[in-house]
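The opening residue of the sequence shown carries number 291 in this note's numbering; numbering runs sequentially from there. Every residue gets a Cβ at the ideal spot worked out from N, C-alpha and C, and that includes glycine. Input: a single structure, listed below in structure tokens.
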Amino acid sequence: MKLAPSLFGLLLVIVLIHAGGCASSQPKLTQEQILEEYPKVAELDTAMNKARTNGADLRAPESYSNAREALELAMDAARDDKKEAANKAATEGLKVVDKVFRNTATSNKILFEVLRTRERVIDAGVNNLQGEKLAELDEKLKETAILIENDKLGKAKQRRPKLIQGYTALELATLKKGTADMAKSAIAKAE
291 MKLAPSLFGL LLVIVLIHAG GCASSQPKLT QEQILEEYPK VAELDTAMNK ARTNGADLRA
351 PESYSNAREA LELAMDAARD DKKEAANKAA TEGLKVVDKV FRNTATSNKI LFEVLRTRER
411 VIDAGVNNLQ GEKLAELDEK LKETAILIEN DKLGKAKQRR PKLIQGYTAL ELATLKKGTA
471 DMAKSAIAKA E
């Protein structure tokens with residue numbers, strides 16, 4: 291019977307240690323709380339949402355990636371309630387976001403025809419029918435956008451015809467496949 295009080299004491303010590311450990315650890319801030327309490331982080335988050343909406347991940351991939359990393363650092367620091375580190379990362383991220391917007395605008399000008407052709411392909415339904423081929427072409431588009439980001443405009447301009455040709459061929463293949471699929475479906479329904 292002496293074993294029972296020892297076991298009870300050990301269990302009591304474990305419970306107290308666990309309860310003390312839980313009480314000493316602070317809960318991490320939620321994203322909503324971070325955006326309320328850290329205006330610079332909120333500003334960077336808003337700017338990144340706008341950049342993403344403008345297609346910066348495709349049109350300025352390097353600078354967009356750098357800005358996204360800065361946002362992640364700022365959010366992590368804010369989540370741990372490290373105000374100085376969060377504000378510093380957000381300030382640096384906002385500087386990078388300015389570059390993201392400039393690079394996106396330059397890519398939009400230089401790659402206007404390519405981007406317009408890409409939109410036609412998407413409108414034709416490529417995502418449902420040939421998403422992998424679109425992803426391959428988009429990688430080539432990103433490589434071209436990186437050339438623009440690195441001020442290699444001549445090389446980027448030389449790549450435009452191949453990109454347009456690739457997207458146009460994909461559009462045609464998508465339209466053919468879509469038409470063939472619709473015809474098969476109509477025949478199946480008619481039977």
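Would you tell me roughly how many angstroms separate the C-alpha atoms of R349 and A480, rounded to the nearest one? If you take the alpha carbons of R349 and A480, they lie about 46 Å apart.
Can you tell me where the alpha helix (DSSP H) with N339 in it begins and where it stops? In the DSSP annotation of this structure, the continuous segment of the alpha helix (DSSP H) that includes N339 starts and ends at P329 to T343.
Give me the residue from K447, K467, K466 and M365 with the minimum Cα distance to M338. Here the closest residue by C-alpha is M365.
Reduced DSSP category for E461 - H, G, I as helix; E, B as strand; rest coil: The DSSP-derived three-state label of E461 is helix.
Checking 7 Å against the spacing of the C-beta atoms, do A446 and T434 come in under that value? Yes.
Measure the Cβ-Cβ separation of L469 and T407 and say whether it is below 7 Å. Residue identity differs from the one stated: residue 469 is Thr in this sequence, not Leu. Against a cut-off of 7 Å, the Cβ pair of T407 and T469 comes out as no contact.
So the alpha helix (DSSP H) K399 belongs to, where does it begin and stop? For K399, the enclosing alpha helix (DSSP H) has its first and last residue at K373 to I400.
From G444 to T343, what distance separates their C-alpha atoms? Whole-angstrom Cα-Cα distance: 27 Å.
On the criterion of 16 or more Cβ atoms from any shown chain inside 10 Å, does P329 qualify as buried, or is it exposed? P329 counts as exposed, since fewer than 16 other beta carbons sit within 10 angstroms of its beta carbon.
Could you check if L384 is buried or exposed, using at least 16 other CB atoms within 10 Å of its CB as the buried criterion? The residue in question, L384, is buried, as its Cβ has 16 or more Cβ neighbours within 10 Å.
Please state whether DSSP places E481 in a helix, a strand or coil. Correct three-state label for E481: coil.
Exposed or buried, G456, counting other C-beta atoms within 10 Å across all chains shown (16 or more means buried)? Buried, by the Cβ-count rule.
D347 versus N418: straight-line alpha-carbon distance, rounded: Taking the straight line joining both Cα atoms gives about 21 Å.
I477 versus I412 - alpha carbon distance: I477 and I412 have their C-alpha atoms spaced approximately 26 Å apart.
G444, DSSP secondary structure in three states: In this structure, DSSP gives G444 a helical state, which the three-state scheme calls helix.
Quick one: Cα of A332 to Cα of A357, how far? Straight through space, the alpha carbons of A357 and A332 are spaced by roughly 14 Å.
Give the single residue among L363, K389 and N377 whose Cα lies nearest to the Cα of S353. Out of L363, K389 and N377, the CA that lies nearest to the CA of S353 is found in K389.
Would you tell me roughly how many angstroms separate the C-alpha atoms of L293 and K318, rounded to the nearest one? Below a pLDDT of 50, predicted positions are generally treated as unreliable, and L293, at 48, falls in that range; no measurement from the model is reported.
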